[in-house]
Every structure is written in structure tokens, then in C-alpha cells.
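**Q** Just add 838 to wherever you are in the sequence shown, counting from 1, and you've got the numbering used here.
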Amino acid sequence: MTAGQAGGDGAASWQLVLADLALILFLVTLAALAGSHEPGRTEANGGGGPEQGGPARFAPSQALYRAGPDAPPLDEWLARQERDPRATLTIYARHDRAGESAAWAAAQALSREARAAGAAVRVVIEPGEETALHASLGYDGMR
Numbered sequence: 839m840t841a842g843q844a845g846g847d848g849a850a851s852w853q854l855v856l857a858d859l860a861l862i863l864f865l866v867t868l869a870a871l872a873g874s875h876e877p878g879r880t881e882a883n884g885g886g887g888p889e890q891g892g893p894a895r896f897a898p899s900q901a902l903y904r905a906g907p908d909a910p911p912l913d914e915w916l917a918r919q920e921r922d923p924r925a926t927l928t929i930y931a932r933h934d935r936a937g938e939s940a941a942w943a944a945a946q947a948l949s950r951e952a953r954a955a956g957a958a959v960r961v962v963i964e965p966g967e968e969t970a971l972h973a974s975l976g977y978d979g980m981r
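1) Between the alpha carbons of Val962 and Tyr930, how many angstroms are there, rounded?
2) Across which residues does DSSP place Leu859 in a beta bridge pair?
3) Measure the alpha-carbon distance for Val855 versus Leu871 and round it to whole angstroms.
4) What span of residues does the beta strand (DSSP E) with Glu964 cover, start to end?
5) Could you check what DSSP says for Arg921 in three-state terms: helix, strand or coil?
6) Can you grab the Cα-Cα spacing for the pair Ala957 / Pro911, in whole Å?
7) If you draw a straight line from the C-alpha of Ala869 to the C-alpha of Arg921, how long is it?
8) My output table needs one value for Arg950: the three-state DSSP class, helix, strand or coil.
Dropping the structure here:
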């Protein structure tokens, strides 16, 4: 056996191993993609829209703001929080039967103030027994 033949066999064997590894990686990736298919998911909506008829999902809040006589304005409160582009400020407004328009107005005012401060904002308004307004800073992944 000559040196050229030995080098040729060595080159062929590592290429064969590399081809096998590439094929295994392809099959593992294909199996993972096939297992991640969600019913109802389309390319148009990306599967990221809200679920119809289900409750909204929120991550635990990192900080909570409640407007009140002793509370700072929302923009000052946001300035004291650690800045993170992944964070979303969710404004929750609950209203009784007569207070729907007032809840909308209060939530919109907080939303404008938060957006002016550079925060990503989501507003959730729901009926309830009594009125309430607060904001929660969290990492919901909705961005």
C-alpha cells in the first residue's frame, strides 16, 4: 500500500462519517418540525394570534403600578423600573355596568402616558363588580 492510497482511504472515511452526521441532523430536525405542528396554525397568522374563546395568558408581573393620590405619575414610575425591550406594560381596567366609558378613558390616558415614555403597551378591559385600574410590567412574550 502506498502513501497515496492510505491518504485516500482516510479522506473517504471522514467524508462518509460527515455525510452520516449530516443525514442524522437532517432527520432529527425534520422529526422535531413534524412534532411541533399545531392544528389551525397557518403561515398567514403564524399561529401567534390570540386563542378564540380562551382566556388571555399573562406572565407574572415584575412590577405593579396603582394610580392614587400618593402614587407618582406613570412616566416617573416607568423611569424607575429597569429598562428591557422585552417588557410589556399591561394596563388592566375593570368597570361596573355604568363605568365602561370611564374605564376606557382612564386606560387610554395611561396608555398614552406609557407610550410617550417608550413602553410597549397592552390594554385589557373587563366588566366586574367594582372599578379598578392598575398596570403590570412583565415579560409576556407578546412582542
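Every residue, glycine too, gets a C-beta built ideally from N, C-alpha and C.
From a predicted model like this one, the values you see are computed outputs, not experimental measurements.
**A** Reading from the atomic positions:
1) Residue numbering aside, residue 962 sits at position 124 when the sequence shown is read from its first letter. Residue numbering aside, residue 930 sits at position 92 when the sequence shown is read from its first letter. Distance between the alpha carbons of Val962 and Tyr930 is about 5 Å.
2) For this step, residue 859 is matched to residue 21 along the sequence shown. None, per the DSSP bridge assignment.
3) Numbered from 1 along the sequence shown, position 17 holds the residue referred to as residue 855. Numbered from 1 along the sequence shown, position 33 holds the residue referred to as residue 871. Their Cα atoms are separated by approximately 24 Å.
4) Start at 1 with the first residue of the sequence shown, and residue 964 comes out as number 126. Here the beta strand (DSSP E) through Glu964 covers 958-965.
5) Position 83 of the sequence shown, counted from the first residue, corresponds to residue 921. Looking at Arg921 - three-state DSSP - the assignment turns out to be coil, as it is neither helix nor strand.
6) Counted from its first residue, the sequence shown places residue 957 at position 119. Counted from its first residue, the sequence shown places residue 911 at position 73. About 14 Å.
7) The residue labelled residue 869 in the question sits at position 31 within the sequence shown. The residue labelled residue 921 in the question sits at position 83 within the sequence shown. Approximately 39 Å, taken between the alpha carbons.
8) Counting from one through the sequence shown, the residue named residue 950 turns up at place 112. Three-state result, Arg950: helix.
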